């Protein structure tokens, strides 16, 4: 049996069996069971998952799979004041659509759960108390009103960026300035308090970042961060350290915005006597003009999504997502992978399996990555072209509730996908393949339709009617023969032919369009067009 001494006046009186068991586990110092790589993506359920968060999840996932490791999802909801209902479900659904499937996490299971921090609440207090006992942290009893008054006084004295730190702590209400008896009295009375990190003075914190190299920060530039709040919940700083250690995380791959917090985290690992994981801080995602970080509100304002899927706020405000805008998840992931990483080869189109094979942290850059919405559409276009016609046909049939047979839809997709970016574009731009045109492109009419055009098209219609094997090759052969006979260039006839059959000025091969429509429909449309354009 492990006994816990409580004689020290600063030691929290453990009152539950849960605390005793948890603390006993800590004291026995469970060793890492293996050298297997374990990474985590730890979003906060404070709203929808930004594409920058998806990229962080993606890089963690690629790194884990490349190294036969484990990818974990952990929901970090220690800040209950910012919790947004539905956000956790959104995060899991969005990652699932992206194909970023965790090995462990909420609703999935694993040997290191719970994977939601609020469900791990009882775990953290013993660790915070241990830091106090070992003089690495301290109780602070200052009220919010008292701290606001101190900040205001400092501001009036020309110090707008006042901090609770190694200098100012000596004049405040904490267990470093109050007597042991007074501290114990306050604890026994249930006075509100927080636990703050006791930041050492004038100490260089050094750690090696897997992307940025060696980072050195002097503690004189750091404040005494709150580790444990008065509501009984840990802050992110304590919770993520405890969770990463107890979940045996080997690599922490996260956004650049967490780089300023890394020295504190390194000091916490040292304070507990734990081996720190390897850190890698990813570059920021920048707006298309490069001026500033791409934010959650930039998307719809600038005309492109910044979320993987649609998100509707409690007030009914809709933020559009890539899924609902018609993007393939593979195109979205391919685009994200290149925002900060490159394979070192000319290849740009990657499947998830290829990304896993090619990925390495060594090829992740330090500089911010500018988001390019046009390049994103290019990736989508490449994925659309590479999708089998039969698969596209099934998507069309489902999304547009089409009654056409599969063979016709497959042929339609083959015709239209080379010129489309989204599946919906095929229906918008190729509507004439299902419906006879009711109008004709004005620019083509004004430039190409001349006084002799009706006679010319009547002759070509007669030649077309004589084609027995109504396939693209035969139609093209008849067309070329007609041009030679008339001694005309292709530009004098083909635009008129397209106009009569489709009403459009541009589009796929007219020989394939004619074959798709069939002889009877093609001749019928020519008659209708000639009647309207006489």
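In the working numbering, the protein residues as written are 1266 to 1799.
Every residue, glycine too, gets a C-beta built ideally from N, C-alpha and C.
Nothing here was measured: the structure is a model prediction, and the numbers come from that model.
Open item on the list: How far does the beta strand (DSSP E) with residue 1547 in it extend, from its first residue to its last?
Closed with: 1543-1547
- [ ] Using a threshold of 8 Å, state whether the C-beta atoms of residue 1348 and residue 1342 are closer than that.
- [x] yes
TODO: Would you mind stating whether residue 1456 and residue 1406 have Cβ atoms separated by less than 8 Å?
DONE: In this structure, residue 1406 lies closer than 8 Å to residue 1456 by Cβ.
Task: Those residues which DSSP pairs with residue 1227 across a bridge - done: In the structure displayed, the chain extends from 1266 to 1799; residue 1227 sits before or after that span and is not available.
TODO: Taking only the alpha-carbon atoms, compute the straight-line gap between residue 1627 and residue 1549 and give it to the nearest angstrom.
DONE: 17 Å
- [ ] Please name the residue in 1484, 1471, 1656 and 1365 whose C-alpha comes closest to that of residue 1672.
- [x] 1656
Task: Which of helix, strand or coil DSSP assigns to residue 1499 - done: strand
- [ ] Kindly list the residues whose CB is nearer than 6 Å to the CB of residue 1379, restricted to its own chain and excluding five residues on each side of it in sequence; keep chain order.
- [x] 1385
Open item on the list: Need the endpoints of the beta strand (DSSP E) that residue 1404 sits in, please.
Closed with: For residue 1404, the enclosing beta strand (DSSP E) covers residues 1402-1405.
- [ ] Can you check DSSP and say which residues form a bridge with residue 1586?
- [x] 1572
Task: Alpha carbon of residue 1759 to alpha carbon of residue 1775, nearest angstrom - done: In this model, residue 1759 and residue 1775 are separated by some 8 Å (Cα to Cα).
- [ ] Leaving aside the five residues before and after residue 1629 along the sequence, list all residues of the same chain whose C-beta is less than 6 Å from its C-beta, in chain order.
- [x] 1476, 1605 and 1606
Open item on the list: If you reduce the DSSP assignment to three classes, tell me which class residue 1597 lands in.
Closed with: helix
TODO: Identify whether residue 1477 lies in helix, strand or coil by the three-state DSSP scheme.
DONE: coil
TODO: Kindly confirm or deny that the segment 1760-1773 and the segment 1678-1688 touch, where touching means at least three C-beta pairs closer than 8 Å.
DONE: yes
Open item on the list: Looking at the strands, I want to know which residues DSSP matches up with residue 1417.
Closed with: Paired residue(s): none; residue 1417 is not in a bridge.
- [ ] Under 6 Å Cβ to Cβ from residue 1687, same chain only, skipping five residues before and after it: list those, please.
- [x] 1591
Open item on the list: Let me confirm a value: residue 1555 is counted as buried when at least 16 other C-beta atoms fall within 10 Å, else exposed. Which label applies?
Closed with: exposed
TODO: Mind the definition here: the segment 1788-1795 touches the segment 1761-1769 only if three or more C-beta pairs lie below 8 Å; say whether that holds.
DONE: yes
TODO: Please determine, among 1493, 1304, 1553 and 1735, the residue with the shortest C-alpha to C-alpha distance to residue 1634.
DONE: 1553
TODO: Rounded to whole angstroms, what's the CA-CA distance from residue 1701 to residue 1743? Just pull it up for me.
DONE: 24 Å
Open item on the list: Taking only three categories from DSSP, how would you classify residue 1466?
Closed with: coil
- [ ] Please determine if the segment 1357-1367 and the segment 1517-1527 are in contact, where contact requires at least 3 C-beta pairs separated by less than 8 Å.
- [x] no
Open item on the list: Suppose contacts are defined by Cβ-Cβ distances below 8 Å. Is residue 1755 in contact with residue 1780 by that definition?
Closed with: no
Task: Inter-stretch contact (C-beta, 8 Å, three-pair minimum) for the segment 1391-1399 and the segment 1426-1433 - done: no
- [ ] Would you decide whether residue 1746 is buried or exposed? Buried here means 16 or more other CB atoms lie within 10 Å of its CB.
- [x] exposed
Task: Cβ separation of residue 1325 and residue 1339, assumed to be a contact under 8 Å, to the nearest whole Å - done: Their Cβ separation, rounded to whole angstroms, is 11 Å, which puts residue 1325 and residue 1339 out of contact at 8 Å.
Open item on the list: Spatial neighbours of residue 1496 within its chain, please: C-beta separation below 8 Å, excluding the five flanking residues on both sides.
Closed with: 1345
TODO: Counting only runs of 4+ residues fully inside the segment 1657-1729, write out the alpha helix (DSSP H) ranges in chain order.
DONE: As summarised for the segment 1657-1729, the continuous alpha helix (DSSP H) elements at least 4 residues long and confined to that stretch are 1671-1681, 1688-1694 and 1707-1713, given in chain order.
Task: Local conformation of residue 1796 per DSSP, three classes - done: helix
Open item on the list: Let me make sure I understand the geometry here. Which of 1718, 1488, 1722 and 1646 has the alpha-carbon closest to that of residue 1433?
Closed with: 1488
TODO: Starting from the Cα of residue 1410, find the closest Cα among 1403, 1418 and 1617 and give me that residue.
DONE: 1418
Task: Exposure label - residue 1467; buried when at least 16 CB within 10 Å - done: exposed
Task: Burial state of residue 1333 (16 or more Cβ within 10 Å) - done: exposed
Task: For residue 1330, the nearest candidate out of 1761, 1623, 1596 and 1666 (CA to CA) - done: 1623
Open item on the list: According to DSSP, is residue 1523 part of a helix, a strand, or is it coil?
Closed with: Assignment of residue 1523 by DSSP, reduced to helix, strand and coil, places it in the helix class.
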